[in-house]
Amino acid sequence: MDGGVKLIRIGAEAYLYLIDFFGIKAILKKRIPKDYRHPEFDIKLRRRRTINEARMLYYSRKAGVPTPLVLDVDVDETYLIIEYIDGIVLRDLINQGVNSKLLENIFVHVGELIGRLHSSGIVHGDLTTSNMILQNNNTLYFIDFGLAEKSSELEDQGVDLHLMLRSLESTHPEIAYKAFNCVLKGYAKVMGKEHTLKVKNKVKEIRMRGRYVEERRKRT
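In terms of my numbering, the sequence shown opens at residue 37 and continues consecutively.
Structure follows, in structure tokens:
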């Protein structure tokens with residue numbers, strides 16, 4: 037590494053630093069120890085998650101989903117260095133205000149990219165507009181694969197899309213359902229209408245489960 041190191045984000049599991057990696061603008065993601073975990077378990081978990089994230093970034097890119105390039109991985113020190121993606125976070129773009137037709141096209145493309153992940157047996161685990169970056173050339177990147185995993189289970193795919201819907205409802209309530217329908221439209225282009233209907237029904241089932249649990253909590 038050359039030049040300075042600048043802390044840009046403190047997350048629940050990791051610190052993100054903006055660095056110069058041999059002339060390349062990059063992000064260093066360092067997983068931090070947790071005092072509430074046994075030290076031996078903690079280091080094993082952080083190492084495993086570091087390896088997994090690097091693999092998921094690679095597999096996702098191979099599946100045709102734009103993701104940051106992995107430049108370096110240090111498993112022992114539990115960090116990885118990835119390409120810095122210069123663009124605007126989708127959440128910020130929406131909050132600034134954008135043409136409705138353009139927004140529809142963006143969310144259809146989001147659905148296509150999710151479809152590419154799922155068709156390759158990958159679930160992202162944290163599908164929010166904060167984890168999507170749009171470049172000036174209109175390339176849409178997915179970032180933060182810390183919770184991603186290999187799975188082709190309908191349940192896991194349903195959870196993935198349910199989390200997307202929940203994030204839209206909380207962050208962009210005024211466009212949430214229209215945006216999610218666009219996501220499903222793009223998803224169906226890749227996964228087909230029959231499978232998309234199954235996943236959509238699974239999302240509904242997951243939501244009903246959540247409401248049932250909430251009702252039970254209110255009664256106790």
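For glycine and all other residues, C-beta sits at the position ideal for the given N, C-alpha and C.
| Check | Outcome |
| --- | --- |
| Closest Cα partner of A184 within the set F57, R82 and E89 | E89 |
| Inter-residue spacing [alpha-carbon to alpha-carbon] between D192 and V159 | 7 Å |
| Proximity to Y120 [Cα-Cα], best of I60, L93, K70 and A215 | I60 |
| Between the CA atoms of L149 and K234 - distance to the nearest angstrom | 18 Å |
| Continuous alpha helix (DSSP H) stretch holding Y94: start and end | P75 to K98 |
| Span separating the alpha-carbon of H231 from that of A224 | 8 Å |
| Segments assigned beta strand (DSSP E), at least 3 residues, entirely inside the region 103-146 | 106-110 and 115-119 |
| Whole-Å CB distance - I118 paired with L107, under 8 Å assumed | 6 Å |
| Own chain, CB closer than 8 Å to L199, minus 5 neighbours either side, in chain order | G161, D162, L163 and T164 |
| For G222, three-class secondary structure by DSSP | helix |
| Secondary structure of Y248, DSSP reduced to three states | The pLDDT assigned to Y248 is 43, lower than 50, so where the model puts this residue is not dependable, and the model offers no usable value. |
| Cβ shell of R73 (< 8 Å), same chain only, five flanking positions each side left out | L81 |
| Per-residue DSSP class, three states only, for I60 | strand |
| Counted within 10 angstroms of its Cβ, other Cβ atoms place Y174 as buried (16 or more) or exposed | The amino acid occupying residue 174 in the given sequence is Asn; Tyr does not appear at that position. Exposed, because fewer than 16 other Cβ atoms sit within 10 Å of the Cβ of N174. |
| C-alpha distance - K240 paired with V219, whole-angstrom precision | 15 Å |
| Option nearest D128 by Cα separation, candidates L138, V109, G194 and M168 | M168 |
| In DSSP terms, what F216 is bridged to | For F216, which the question treats as bridged, DSSP gives no partner whatsoever. |
| L261 classed as buried or exposed, judged by whether at least 16 other C-beta atoms fall within 10 angstroms | Not covered by the structure: residue 261. The range shown for the chain is 37 to 256. |
| For L176, the first and last residue of its enclosing beta strand (DSSP E) | L176 to F178 |
| Selection from I55, N237 and D71 that minimises the alpha carbon distance to E49 | D71 |
| Endpoints, alpha helix (DSSP H) assigned at L190 | L190 to T207 |
| Terminal residues of the beta strand (DSSP E) in which L163 lies | Neither: L163 is in no beta strand (DSSP E) and is coded neither H nor E. |
| K186 versus S136: straight-line alpha-carbon distance, rounded | 34 Å |
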